[in-house]
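Line order of the protein sequences matches chains A and B.
Each residue of the first sequence is one higher than the last, beginning at 1054 in the working numbering.
Each residue of the second sequence is one higher than the last, beginning at 22 in the working numbering.
Ideal Cβ positions, reconstructed from N, Cα and C, are used throughout, including at glycine.
Since the structure comes first, as structure tokens, the remarks are kept for the end.
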Amino acid sequence: MNSAWSWALLPILVVVLGFALRQHPARVVLLATLSAAVVSGMRWDEFLSALGESFLKARYLLVFVLALPVVAQVEAFGLRELARRLIGRWRGVRSGRLLIGYLAIRQLSAALGLTSLGGHAQMVRPLVAPMAEAADEKTLGELSDAQREDVRAMSAATDNVGLFFGEDVFIAFGAVLLMQAFLAENAIELSPIHIALWGLPTAFLAFVIHATRLLWRDRRRSAAL
Amino acid sequence: MSVSALTPLYLLLGLFFASVGLRAWRDSSSPARMARTAFFALLALLFLVGDWMPAVVAGVLVLLIALIAGFGLPSGYVASRIPARTHEAPSTRLLWPILAVPLVTILLSLAFARLQFDGRALFTVQSGPLYALAIACVIAVFMAVRLTQDHASAAIRRGGDLLETIGWAAFLPLLLAVLGTMFSKAGVGTALANVIGAWLPMESRLVALLAYGLGMALLTMAMGNAFAAFPVIAGGIALPYLVNVHGADPAPLVAIGMLCGYCGTLMTPMAANFNLVPVALLELKDRNAVIRAQIPTAIPLLAGNCLLLALLCFR
């Protein structure tokens, strides 16, 4: 074994192997956490306090579940049917082109710092995915399980791509400030706008690549008819 | 531990989890009743009294929740116990509450950023948008309940059922945040940067550039978070080799390097809130469906990022 090997790499190995073997994510993460604790030589009480402390600090990640009652309530009263009807009136609609529109809105609003305009619980499940699904039903007729799964997954993917490659252009975004602070620590002084502007070429490229895929998807479906 | 700026939000969430747990317990006919009850009861406890409990006790509870999530909770459990009242022609007004959530969130976060009390900002950069989202959700629930002429309790019960459908996936982002902390305590990232630096011929500009871009993507995939990977890879590869040895321009180097990490985020189950929570929310069968939909965008984009690094950092 090379001298650069360190036992600190063991937790990464656990994560990679666990997911490659398609184990339950909660078990993989639990085992990786335990192996990281063993590698760093923590005592059991240190381990438990680190576990508790970092969990309590990360609780804000669950605030999105407060959107679930609204979503569930309007769904029970027919929001999905409504999405289907709105799409039904729209002539020549295609799921790909619909998702390109959503991608543009998501990316532009995130670039302006409005990252809450979207999200999987608030927008994708109640609105974006049912509309894209309805558009596909209009062109393809009754969808197979695989087709339904595909258009839903693509809706979620479009939300992620739009968010990731939009928010990084916003100067007050955490990543930009993190990079600025990192460079400042290493005696390189730059303003946030100077860093954020270098995110533009990638933002543009991300839009082009993802939109091309969506257009191509539309074309394949029209050709298949 | 003591009261934090977000404690009122955690109390609200804790009450919601407690109501889900209580309903799971009362529902004697459904599968895995004890596991579901215990899962949500423990989660409620951590949210309601977490700020006042010793960290070791919280750690024990987290360990229990993780064990229940991994071994006790049924996956793919779909609760639909409240009959859905679907109308023949649902009104367009049903859109209002859904659109109110993002719009009110944006308006409130803009307002909260300016709100001051005694010359001090009332909300922090982190807490402002979170409170805005929570208040927007509460307003939207009341709108939805009025529109549907229903009881608020019915909306909360339906929301609870939806939360049970997401199940352990909703809790995974928290567990991954814990793992991220443990990774940095164990020095995982630094060890990886050392291995890359020791095994690759970094005197070559191209090798160093690829090691940086691909290293950002790979470490992000392992840690599930580009923010955690950035200081390690930028400090271990970008500064010592690309800036100091090869004279790269630091501004595009860090900006595009971070975005290489984002390409990694698109490809890893470790980024649970982006890649696994929607799988549960959209009731998909394949756990990797969202990741598979993202890989054909992520790989060309990563290649494009490496090209941009080469073009823009050495002009």
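Asked: Between the C-alpha atoms of P290(B) and I312(B), what's the straight-line distance to the nearest angstrom?; Found: 7 Å
Asked: Roughly how many angstroms separate the alpha carbons of P52(B) and G93(B), rounded to a whole number?; Found: 11 Å
Asked: Quick check: L197(B) and A191(B), are their CB atoms within less than 8 Å of each other?; Found: no
Asked: Near L1152(A), what residues of its chain come up, given a Cβ to Cβ distance below 7 Å and the 5 sequence neighbours on each side ignored?; Found: A1185, M1207, S1208, T1211 and L1267
Asked: Buried or exposed: L66(B), going by 16 or more other Cβ atoms within 10 Å of its Cβ?; Found: buried
Asked: Please look up how many angstroms separate the CB atoms of L69(B) and G35(B), rounded, as I've assumed it's under 8 Å.; Found: 4 Å
Asked: Any beta carbon from chain A within less than 8 Å of T318(B)'s own beta carbon?; Found: yes
Asked: Return no unless some Cβ of chain B is closer than 8 Å to the Cβ of V1181(A).; Found: no
Asked: Using beta-carbon positions only, say whether L129(B) and A153(B) come within less than 8 Å of one another.; Found: yes
Asked: With distances taken Cα to Cα, identify the nearest neighbour of E1134(A) among F1100(A), L1180(A) and R1112(A).; Found: L1180(A)
Asked: Leaving out five residues before and five after N265(B) in sequence, what residues of the same chain have Cβ atoms less than 8 Å from its Cβ?; Found: none
Asked: Check whether the segment 1194 to 1204 of chain A touches the segment 1219 to 1236 of chain A, counting contact only when three or more Cβ pairs, one atom from each stretch, lie closer than 8 Å.; Found: no
Asked: Cβ of A310(B) less than 8 Å from any chain A Cβ?; Found: yes
Asked: If you compare alpha carbons, which of P95(B), L32(B), I119(B) and L116(B) is closest to L1112(A)?; Found: Here residue 1112(A) is Arg; the residue named in the question, Leu, does not match the sequence. That would be L32(B), whose Cα lies nearest to the Cα of R1112(A).
Asked: Use the C-beta contact count for M55(B): other C-beta atoms within 10 angstroms, 16 or more gives buried, fewer gives exposed.; Found: exposed
Asked: Helix, strand or coil: which one does DSSP assign to Q1076(A)?; Found: coil
Asked: Taking CB distances under 8 Å as the criterion, tell me whether R141(B) reaches chain A.; Found: no
Asked: For the structure I just gave you, are there three or more beta carbon pairs, one from the segment 292 to 300 of chain B and one from the segment 318 to 329 of chain B, closer than 8 Å?; Found: no
Asked: Kindly indicate if chain A contains any beta-carbon less than 8 Å away from that of A314(B).; Found: yes
Asked: Just to confirm my understanding: we take P1183(A), look at its own chain, exclude 5 residues before and 5 after, and list those with CB closer than 8 Å. What are they?; Found: L1132, R1133, A1136 and R1137
Asked: Grouping DSSP H, G and I as helix and E and B as strand, with all else coil, what is R141(B)?; Found: strand
Asked: Considering only the beta carbon of each residue, do D1271(A) and R1150(A) sit closer than 8 Å?; Found: yes
Asked: Residue range of the alpha helix (DSSP H) that P252(B) falls in?; Found: A247 to I254
Asked: DSSP three-state call for N265(B): helix, strand or coil?; Found: coil
Asked: Only counting the same chain, and skipping five residues up and downstream in sequence, which positions put a Cβ closer than 8 Å to that of V1177(A)?; Found: G1171, S1208, A1209 and D1212
Asked: Against chain A, which members of the segment 200 to 220 of chain B pass a CB distance test of less than 7 Å?; Found: L200, T202, M203, F204, K206, A207, G208, V209, A212, L213, N215, V216, A219 and W220
Asked: For P1122(A), does the three-state DSSP call read helix, strand or coil?; Found: helix
Asked: Between the Cα of L381(B) and those of M1095(A), G1166(A) and P1078(A), spot the shortest distance and give me the residue it belongs to.; Found: Missing from the structure shown is residue 381(B); chain B here goes from 22 to 336 and no further.
Asked: How should I258(B) be labelled, buried or exposed, when 16 other C-beta atoms within 10 angstroms of its C-beta is the threshold for buried?; Found: buried
Asked: Give the secondary structure of A301(B) by DSSP, where H, G and I count as helix, E and B as strand, and everything else as coil.; Found: helix
Asked: How far does the alpha helix (DSSP H) with V146(B) in it reach, from first residue to last?; Found: It is not in any alpha helix (DSSP H) - V146(B) carries neither H nor E in the DSSP assignment.
Asked: For A319(B), which residues of its own chain have a beta-carbon under 6 Å away from its beta-carbon, when the five flanking residues on both sides are left out?; Found: C284, L287 and M288
Asked: Does the segment 164 to 184 of chain B touch the segment 113 to 121 of chain B, meaning 3 or more C-beta pairs lie closer than 8 Å?; Found: yes
Asked: Let's see if you can read the secondary structure: which residues bound the alpha helix (DSSP H) around N326(B)?; Found: A310 to C334
Asked: Looking only at its chain, what residues have a beta carbon closer than 8 Å to the beta carbon of M1095(A), apart from the 5 residues adjacent to it on each side?; Found: A1103
Asked: Determine, for P194(B), whether the minimum Cβ-Cβ distance to residues of chain A falls below 8 Å.; Found: yes
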